[in-house]
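Residue numbers (the numbering used here): 286 to 752.
Every residue, glycine too, gets a C-beta built ideally from N, C-alpha and C.
Remember, it's a predicted structure, so these values are computed and weren't measured experimentally.
Listed below in structure tokens is the structure:
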């Protein structure tokens, strides 16, 4: 009697070694020509049996489809190979030798050692790999061609890609080749999502990326580029080559200082063009290079000046982007380096004002005036904050008066269930204005008031430093 490894079964051999280890027989043809790729999440039903027909597992019996990530080793080798060959709706029988299943040890008690297994698998659907940090589904990758090696480009790597883009099946960017530096590119076609995608690719890899508007061209789209509002785009990208950027740990101190200066200057260039996220990346890299460095003499002075500028400019970026909490954090760090830095107090005051923390904002603006008695911008902001506080107190007073009036009226009439048309929530809280920044100086006006120089008090890092 033949051993189970010698049993001949119909079908094609999917094993790389062509050793008969994974035999696939199609029972029901699938539809279309597309097949799932490595990294896709696939959903299947399956029934697993031994060669004698005894069943050891079945998702159908449980009434619960099975989902796994293809090509990541989450299932036996035979499944990674077999399911990758299937089309949507296909039903296939996979006969898997132990080498491609559970090996010499098996999976007791149901699967004996060195067992050949038979799986009937139905492929229902698959979804590409979500490459976003937040896993919000905003960029989905489907691998077309495996790349080589293990390295991927990081920020400031020089890359060359071939790419095209489509919307609803219509080409919007014809195939073209582009070379650029990640984190510096200004080509309007190279959206933030495309940069993120390239940083996930290996050399010679080709993948398709489905991008939500937030990672492509947003709610507005781009009339110039022919992108409609809220467009979901599909980018077809091949990473042809890349040159890695040096990491901080690969640099000595002089090189870190030189590279930090380059990043600071590039950040300011991008900031002036309104490319705030790219400016932030460059300023943040200054901190990556220098924030933990302990230096002496001229190197310390240069390091402190660069870190101070990075903190101040990051605060300005965050103010423009609406993240007041981060702006405050950067100002706090700047004040650790330069305790009498008027501009740091001013920007922190602006963040407090945006957050409606008027008392804290007034303290910061008053500090600015104590350092620069002629600073009209800070004086004007103090007036704005005091007016906001006064308005807030008046609203609170009116709210409490209305509440007391309602309580008195309710007690007199013994009607407690219906607050009526004059409810405190209608005439009080509901009418509060959230436009608390009215009359506040714009950031451009702030730049005009302070100039492009961070103000220093003698004895605190001595020299004035430009952005």
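Buried versus exposed, by CB contacts within 10 Å (16 or more), residue i
i, result
"residue 347", "exposed"
"residue 716", "Since pLDDT at residue 716 reaches only 30, below the 50 mark, its modelled position is unreliable, and the value read off the structure follows with that caveat. So residue 716 counts as exposed."
"residue 456", "exposed"
"residue 840", "The question about residue 840 has no answer here: the residues shown for the chain are numbered 286 through 752."
"residue 459", "exposed"
"residue 649", "buried"
"residue 707", "Only weak support exists for where residue 707 lies, its pLDDT of 38 falling under 50; the coordinates are left without a value."
"residue 438", "buried"
"residue 312", "exposed"
"residue 327", "buried"
"residue 534", "exposed"
"residue 331", "buried"
"residue 498", "buried"
"residue 644", "exposed"
"residue 603", "buried"
"residue 418", "exposed"
"residue 585", "exposed"
"residue 624", "exposed"
"residue 325", "buried"
"residue 361", "buried"
"residue 631", "buried"
"residue 468", "buried"
Nearest-angstrom Cα separation, counted from residue j out to residue i
i, j, result
"residue 303", "residue 369", "17 Å"
"residue 338", "residue 394", "16 Å"
"residue 633", "residue 607", "13 Å"
"residue 818", "residue 310", "Any property of residue 818 remains undetermined from this structure, which presents the chain solely from 286 to 752."
"residue 596", "residue 461", "38 Å"
"residue 298", "residue 308", "5 Å"
"residue 613", "residue 592", "16 Å"
"residue 664", "residue 506", "41 Å"
"residue 306", "residue 372", "21 Å"
"residue 678", "residue 646", "17 Å"
"residue 323", "residue 509", "36 Å"
"residue 472", "residue 629", "33 Å"
"residue 300", "residue 344", "25 Å"
"residue 560", "residue 333", "55 Å"
"residue 671", "residue 621", "28 Å"
"residue 335", "residue 402", "5 Å"
"residue 558", "residue 680", "41 Å"
"residue 619", "residue 655", "18 Å"
"residue 503", "residue 475", "13 Å"
"residue 397", "residue 367", "22 Å"
"residue 516", "residue 422", "15 Å"
"residue 530", "residue 543", "14 Å"
"residue 496", "residue 414", "12 Å"
"residue 684", "residue 658", "38 Å"
"residue 452", "residue 490", "22 Å"
Beta bridge counterpart(s) of residue i as assigned by DSSP
i, result
"residue 297", "309"
"residue 283", "This structure cannot settle anything about residue 283, because the visible part of the chain is limited to 286 through 752."
"residue 476", "Partner(s): none; residue 476 has no beta bridge."
"residue 381", "307 and 402"
"residue 430", "491"
"residue 335", "402"
"residue 373", "316"
"residue 597", "The partner list for residue 597 (beta bridge, DSSP) is empty, contrary to what the question assumes."
"residue 419", "In the DSSP output, where bridge partners are listed per residue, residue 419 has none listed."
"residue 507", "512"
"residue 667", "In DSSP, residue 667 forms no bridge with anything."
Beta-carbon spacing of residue i, residue j below 8 Å
i, j, result
"residue 482", "residue 424", "yes"
"residue 487", "residue 436", "yes"
"residue 440", "residue 316", "no"
"residue 350", "residue 409", "yes"
"residue 519", "residue 493", "yes"
"residue 615", "residue 600", "yes"
"residue 466", "residue 525", "no"
"residue 400", "residue 385", "no"
"residue 563", "residue 555", "yes"
"residue 578", "residue 538", "yes"
"residue 365", "residue 355", "yes"
"residue 448", "residue 477", "no"
"residue 485", "residue 547", "no"
"residue 551", "residue 574", "no"
"residue 443", "residue 528", "yes"
Host beta strand (DSSP E) of residue i (start-end)
i, result
"residue 449", "443-452"
"residue 239", "This structure gives no information on residue 239, because the portion of the chain shown stretches from 286 to 752."
"residue 343", "340-343"
Span of the alpha helix (DSSP H), counted from its first residue to its last, around residue i
i, result
"residue 518", "Taken as a continuous stretch (DSSP letters only), residue 518 belongs to no alpha helix (DSSP H), being part of the beta strand (DSSP E) at 518-528."
"residue 465", "No alpha helix (DSSP H) holds residue 465; the beta strand (DSSP E) holding it covers 455-466."
"residue 644", "643-656"
"residue 543", "538-557"
"residue 561", "561-575"
"residue 634", "627-639"
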